[in-house]
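See below for the structure under consideration.
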Amino acid sequence: MKKQKVKFINCFILDKSGSMGIIRDQAIAGFNEYLQSLKADKHDQNLSLVLFDTESIEIPYKNVPVKEVKKLTANTYKPLGGTPLYDTCVDTIEELDAEVGKMKGKVAVSVVIMTDGEENSSREHDEKCLKDLVEHLQGRGNYTFAYMGANQDAWDNASKMGISIGNTMSWNSTAAGTKNAFRGLAQASAMYMSTAQKNSDLNMSMSLDNFFEGGDKDDSQPS
């Protein structure tokens, strides 16, 4: 049987609430390094980028080829307001799934949520809405969800969203910790795509529960 190339859809949901302002420069640099690593990877990829706070939910790129995504700058990433985590994630994931449903061939989707704080301002959706959606899509065998949380019990919050321990990262919201978190994400993303393609070739599930291999990336020292 001829092996079919997997189309990867990477969706990155990045907190831009006011508290991220302290590490704004590191978040911008970290995302740009992550983006560069995706562009260097040889897998067929699209990227959606979602930036959210209570002032606005911005989607600079929606399921476009990675090569078309430009770097973040101080003009395109401006931290403000609170953290409507549930509303942002549920609406984003539902819209993304509608797009994925129109695509042909084998498609693997990764949704990575990165925040330096907990939910505090959603109005339409709650924790159960997000968990039900995550578990439903993971059951299809081609969705992988990952959570990167700082200043909280990341594993407890992720589990309440239906996200596995191996797909959870706790990071330190310092300059060095932010830098290391994005480096960890870049490494995990590359490994995820390689593993998902191999699983697809073997007719196995492309939904992974060890995105970060269960590792704690809460590291305050630069590597």
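Each residue of the sequence shown is one higher than the last, beginning at 315 in the numbering used here.
C-beta atoms are modelled at their ideal positions from N, C-alpha and C, and glycine is treated no differently.
Exercise. Under the DSSP definition of a beta bridge, which residues are partnered with Y461?
Worked result: For Y461, which the question treats as bridged, DSSP gives the partners I427 and T482.
Exercise. Could you give the distance in angstroms between the alpha-carbon of V404 and the alpha-carbon of C443?
Worked result: V404 and C443 have their C-alpha atoms roughly 7 angstroms apart.
Exercise. What does a CB cutoff of less than 7 angstroms around A489 pick up in its chain, not counting 5 residues either side in sequence?
Worked result: So the qualifying residues of the chain are I337 and Q340.
Problem set entry | C-alpha gap between E347 and L328, whole angstroms | Straight-line Cα distance between these residues: approximately 15 angstroms.
Exercise. Across which residues does DSSP place F326 in a beta bridge pair?
Worked result: According to DSSP, F326 bridges with L363 and V426.
For this session: My understanding is that L410 touches S362, with C-beta atoms under 8 angstroms, so please give their C-beta distance in whole angstroms.
Result: That pair is a contact at about 6 angstroms.
For this session: Give me the Cβ distance between L394 and D367, rounded to the nearest whole Å; I'm assuming they're in contact under 8 angstroms.
Result: 5 angstroms between Cβ atoms; contact.
Problem set entry | Beta-bridge partners of I371, as assigned by DSSP | F366.
Exercise. Going along the chain, which residues of its own chain have a beta-carbon closer than 8 angstroms to the beta-carbon of T387, five neighbours each way excluded?
Worked result: I342.
Problem set entry | Separation of V364 from F345, as counted between CA atoms | Their backbone Cα atoms lie some 12 angstroms apart in a straight line.
For this session: Helix, strand or coil for D401, going by three-state DSSP, please let me know.
Result: Per DSSP, reduced to three states, the secondary structure at D401 is helical.
Exercise. In the DSSP assignment, what are the bridge partners of K418?
Worked result: Answer is none; K418 lacks a bridge partner.
Exercise. On the three-pair Cβ rule with 8 angstroms, is the stretch 430 to 446 touching the stretch 494 to 513?
Worked result: Touching, no.
For this session: Return the residue from the list K418, L399 and K420 that minimises the CA-CA distance to V284.
Result: Residue 284 falls outside the range modelled here, since the chain spans only 315 to 537, and no answer is possible.
Problem set entry | Three CB pairs or more closer than 8 angstroms across the stretch 317 to 324 and the stretch 349 to 358 | Remark: three or more beta-carbon pairs, one from each stretch, lie closer than 8 angstroms, so the stretch 317 to 324 and the stretch 349 to 358 are flagged as touching.
For this session: Assign G517 to one of three DSSP states: helix, strand, or coil.
Result: The residue you asked about is not Gly; residue 517 is Asn in the sequence shown. N517 falls in the coil class under three-state DSSP.
Problem set entry | Of the listed residues Q318, M334 and K317, nearest to G431 (C-alpha basis) | The option with the nearest alpha carbon to G431 is M334.
For this session: Tell me whether G498 is buried or exposed, calling it buried when 16 or more other Cβ atoms sit within 10 Å of its Cβ.
Result: A residue is called buried when at least 16 other Cβ atoms come within 10 angstroms of its Cβ; G498 meets this threshold and is buried.
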